[in-house]
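2 protein chains.
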Amino acid sequence: MDPVTSTRAVVLASVPHGAPRAEDFALTTLPVAAPADGQALVRVLDLSLDPFIRSTLGGTHLGDRAVGVGDVVGGRSVAEVVASPDGSLSPGQLVLVETGWVEHAVVDAATALPVRVPEGVPTSAALGALGMPGLTAYAALVRHVRPEPGESVVVASATGGVGSLAGQLTVARGARAVAIVGSEEKAALATEELGYAAALLRTSPTFADDLRAACPDRVNGYLHMGDQATLDAVMEQLAVGARVSLIGVPDQNNGAAPTRMRVGAVMAARAEVHGMVVYDHHDLAADHVAEVGAKLAAGEFSMPEDRTVGLEQAGAAFAAMMSGGNIGKVVVEVAAR
Amino acid sequence: MDPVTSTRAVVLASVPHGAPRAEDFALTTLPVAAPADGQALVRVLDLSLDPFIRSTLGGTHLGDRAVGVGDVVGGRSVAEVVASPDGSLSPGQLVLVETGWVEHAVVDAATALPVRVPEGVPTSAALGALGMPGLTAYAALVRHVRPEPGESVVVASATGGVGSLAGQLTVARGARAVAIVGSEEKAALATEELGYAAALLRTSPTFADDLRAACPDRVNGYLHMGDQATLDAVMEQLAVGARVSLIGVPDQNNGAAPTRMRVGAVMAARAEVHGMVVYDHHDLAADHVAEVGAKLAAGEFSMPEDRTVGLEQAGAAFAAMMSGGNIGKVVVEVAAR
């Protein structure tokens with residue numbers, strides 16, 4: 001095999017204002033240096049696209065690197081080790097590592113984590129149900145929402161990378177999960193494959209009534225990854241003692257006005273409301289992977305994936321995701337193994 | 338002593354729009370029936386004025402009786418038993434009981450609780466530091482804010498019935514208490530008598546900067562009983578892991594727009610936010626009375642009181658309180674013992 005001296009890469013072409021568009025990203029070719037000791041050359045297989053990346057484009061996200069025009073967009077991948085001069089990794093080994101939107105990358109070997117998924121589970125699970133989105137759902141359920149059997153838990157963005165697992169974890173705990181979704185197709189996935197008792201179209205003019213009908217005993221738990229109107233409707237239906245996990249405000253990545261929550265609704269429900277940042281919950285990762293890995297391996301949990309082939313499609317796939325066009329965890333298949 | 342056959346009483350003269358005024362209340366005389374078995378005739382000594390009463394005027398508050406025009410305004414009192422036909426209470430005994438704004442009342446004997454305050458503590462403590470406002474502060478601290486030594490806890494309405502105790506309980510736990518107040522006089526009380534490390538005027542044009550300066554390591558805990566601007570300023574200064582107890586929105590009693598909380602601030606701080614309704618926390622009452630009673634008896638805690646003499650002053654005192662004019666727990670002295 002010829003040594004790798006260059007890679008295709010996707011860079012930021014223009015800082016998006018509001019919702020990102022495919023043309024905010026550009027494909028280019030960049031040189032790849034030979035890896036030094038402590039480094040490894042990796043070949044990206046599956047690249048993860050995640051909503052938080054939006055806030056790094058021209059800005060910053062909780063200390064993540066800001067991405068300026070001409071910079072490679074950041075992102076985690078499942079990648080194959082090509083070369084590891086100091087022998088700390090093995091060629092052919094699969095690792096989870098920050099590569100950015102590229103085909104080949106030289107990475108710090110110490111930051112590359114071995115990909116471990118149970119027999120029969122796709123390795124891309126390490127980016128989704130067994131990765132950060134999965135841990136987000138797990139921690140929101142275990143630490144914030146804590147569903148009891150028979151309770152009703154509402155999940156916004158219910159078929160996405162976080163929501164699809166949150167719904168299934170809720171049902172596994174004996175509670176009812178109610179989905180909020182953006183399309184009929186997602187509604188069908190939610191009820192037919194993910195175990196939701198009901199799926200509500202957030203764009204429906206009868207959304208608030210639909211929510212009341214789907215949760216006749218009101219809402220005991222809520223995972224928020226939605227817009228102002230969705231939050232407002234759910235907050236008015238909270239049961240006494242409800243728990244709310246604030247996970248994402250995707251519309252704000254697209255330039256919407258800051259989401260605000262009515263204080264009187266929190267007081268009337270004696271609710272507890274938590275802000276979720278997954279970085280705080282890595283201590284739960286072993287429990288998370290054990291439970292979800294077993295359920296995936298047993299075929300009891302689904303992990304819907306929105307898979308796009310080709311690095312050159314990453315910008316378009318990201319733009320579609322940020323407009324709610326994805327169904328399931330968004331992955332760009334940069335190369336097959 | 339002549340039998341009591343009538344009482345002076347204060348009734349609602351007009352439903353307030355916005356802040357209540359003294360003229361929304363009228364003094365009248367009402368008949369008093371002889372108490373039957375199971376009832377007691379009581380003489381009101383100290384009548385408690387509490388902010389939640391505002392929402393009963395022409396409306397309802399969590400199941401409390403709505404007060405219409407011509408109805409006696411509701412309120413709890415420390416009262417002296419005059420007669421108890423079935424002997425379940427003793428004449429001369431002091432009880433805590435719902436009497437409304439009257440001089441004499443016939444009450445259900447079973448709802449009258451004996452007033453027990455430690456030696457040397459005024460009996461009106463049963464309406465304030467050892468009563469519902471005190472339990473509110475205690476539960477907000479113990480259940481919601483949970484201050485750790487060295488942390489900074491900000492208390493809005495810091496010299497009121499709830500706030501004055503919350504600040505002292507915070508300091509007793511080794512944390513710093515920072516007061517938000519509405520006047521220089523309250524600021525002086527806060528720092529000189531209640532143990533607050535600093536007191537900030539919420540109306541100051543430099544309030545947000547003052548808050549930053551008073552909490553250089555940001556705000557670990559916050560007890561909200563304030564307006565939108567106060568909430569906004571504090572939410573932007575939350576430390577990671579901050580705890581917020583939403584206790585009251587007094588401006589909404591006066592017709593202000595619904596207070597709203599920025600979701601992004603909760604998320605960035607990974608904060609937890611709780612709605613406080615004191616009725617949920619009666620299981621803490623014994624602990625509350627034991628701790629606070631001992632501190633009051635030892636002279637370690639102060640219980641500032643805003644005492645007005647004469648039932649006919651109740652409307653004016655209530656209007657003043659709802660405009661932030663009180664300093665300490667508001668009590669109307671209807672009769673001396």
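In the order they appear, the protein sequences are chains S and E.
For what it's worth, this note's numbering labels the leading residue of the first sequence as 1, then goes sequentially.
For what it's worth, this note's numbering labels the leading residue of the second sequence as 338, then goes sequentially.
Positions of the beta carbon are idealized from the N, C-alpha and C atoms, including for glycine.
Because the structure is a prediction, the values reported are computed rather than measured.
Item: CB of GLN720 of chain E within 8 Å of CB of LEU548 of chain E, strictly; Value: Missing from the structure shown is residue 720 of chain E; chain E here goes from 338 to 674 and no further.
Item: Beta-carbon neighbours of LEU583 of chain E, restricted to chain S and to distances below 8 Å; Value: VAL263, VAL266, MET267
Item: Near the ligand SAM: ALA493 of chain E beta-carbon under 7 Å from a heavy atom; Value: Absence of the ligand SAM from the depicted structure is noted, as is the absence of any ligand whatsoever, leaving it without description.
Item: Within chain S, partners of GLN589 of chain E - CB distance below 9 Å; Value: VAL263, GLY264
Item: Length of the line joining the Cα atoms of ALA651 of chain E and ALA623 of chain E; Value: 30 Å
Item: Segment limits, beta strand (DSSP E) that includes PHE362 of chain E; Value: 362-368
Item: Neighbourhood of SER639 of chain E by C-beta distance below 8 Å, restricted to the same chain and skipping five residues each side; Value: SER501, GLN505, GLU530, LEU531
Item: Stretch-stretch touch, CB-based, cutoff 8 Å, three pairs: the stretch 464-473 of chain E with the stretch 611-618 of chain E; Value: yes
Item: Rounded straight-line distance, which links the Cα of THR436 of chain E to that of GLY412 of chain E; Value: 6 Å
Item: C-beta neighbour in chain E for ARG146 of chain S, strict 8 Å; Value: no
Item: Selected residue, minimal CA-CA separation from GLY647 of chain E, among E:ASP374, E:VAL381, E:LEU349; Value: E:VAL381
Item: Within-8 Å CB hit, GLU609 of chain E to chain S; Value: yes
Item: Inter-residue CB distance, ARG176 of chain S and GLU103 of chain S (contact presumed, cutoff 8 Å); Value: Contact flag wrong, Cβ pair sits at about 44 Å.
Item: Identity of the residues DSSP links to ASP445 of chain E by a beta bridge; Value: E:GLN376
Item: Chain E contact for ASP287 of chain S (CB, 8 Å cutoff); Value: no
Item: Euclidean distance between Cα positions of ALA631 of chain E and VAL668 of chain E; Value: 22 Å
Item: Reference LYS329 of chain S; option with closest CA among S:PRO147, S:ALA129, S:CYS215; Value: S:ALA129
Item: C-beta atoms of VAL142 of chain S and LEU296 of chain S nearer than 8 Å; Value: no
Item: Nearest candidate by alpha-carbon position, reference LEU560 of chain E, set E:PRO484, E:VAL577, E:VAL629, E:THR528; Value: E:PRO484
Item: Length of the line joining the Cα atoms of VAL556 of chain E and ALA36 of chain S; Value: 45 Å
Item: Spatially closest choice to THR366 of chain E from E:GLN376, E:THR342, E:PRO353, by CA coordinates; Value: E:THR342
Item: Distance CB(ALA527 of chain E)-CB(ALA536 of chain E) smaller than 8 Å; Value: yes
Item: 8 Å Cβ cutoff met for ALA105 of chain S and LEU89 of chain S; Value: no
Item: Top-ranked residue by Cα proximity to ALA420 of chain E, from E:VAL499, E:ALA370, E:VAL409, E:PRO455; Value: E:ALA370
Item: GLY264 of chain S vs THR393 of chain E beta-carbon contact at 8 Å; Value: no
Item: Collapsed DSSP secondary structure at TYR196 of chain S in the structure displayed; Value: coil
Item: THR5 of chain S in three-state terms, based on DSSP; Value: coil
Item: Pair within 8 Å by beta-carbon distance, THR496 of chain E and VAL515 of chain E; Value: no
Item: Cβ of GLY511 of chain E within 8 Å of any chain S Cβ; Value: no
Item: 7 Å Cβ cut-off: residues of chain E touching PRO51 of chain S; Value: Correct list: empty, because the minimum Cβ distance to chain E is about 13 Å.
Item: As assigned by DSSP and simplified to three states, the class of MET562 of chain E; Value: strand
Item: Beta-carbon proximity check, LEU12 of chain S vs VAL334 of chain S, cutoff 8 Å; Value: no
Item: Proximity of ALA316 of chain S and ALA19 of chain S at Cβ, strictly below 8 Å; Value: no
Item: Same chain, Cβ closer than 7 Å to PRO16 of chain S, neighbours up to 5 away in sequence not counted; Value: ASP24, LEU57
Item: Contact under 8 Å by Cβ, MET225 of chain S with SER152 of chain S; Value: no
Item: Rounded Cβ spacing between VAL458 of chain E and VAL379 of chain E (contact assumed at less than 8 Å); Value: Actually they do not touch by this definition, with Cβ atoms about 21 Å apart.
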